[in-house]
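Numbering (full-length UniProt numbering), first residue to last: 1 to 84.
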């Protein structure tokens, strides 16, 4: 019996970076609406993971999608910094 891939979208470095940045956006929104040490830490962890993912994607391609992910990540980092 073969294993069927249930993912509708293959995970390449660019889509992985975009997903990570989306997670950052959600985490930062949550931290801003519910400012606790835990939500802030979760947002910082999401930023760290997304930075790694974006760096890997940038190593593969300097496409507009990667540039947009970098810009979105920087915006969310700034939003989180305004909370601290």
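Every residue gets a Cβ at the ideal spot worked out from N, C-alpha and C, and that includes glycine.
- Alpha carbon of residue 53 to alpha carbon of residue 20, nearest angstrom: Computed Cα separation, rounded: 7 Å.
- Message: Spatial neighbours of residue 32 within its chain, please: C-beta separation below 8 Å, excluding the five flanking residues on both sides.
- Response: 79, 80, 83
- Rounded to the nearest angstrom, how far is the Cβ of residue 46 from that of residue 23, given a contact under 8 Å? 5 Å
- Quick one: complete alpha helix (DSSP H) runs, 4+ long, within the UniProt region "Disordered" (1-65)? 13-33, 37-60
- Roughly how many angstroms separate the alpha carbons of residue 66 and residue 39, rounded to a whole number? 26 Å
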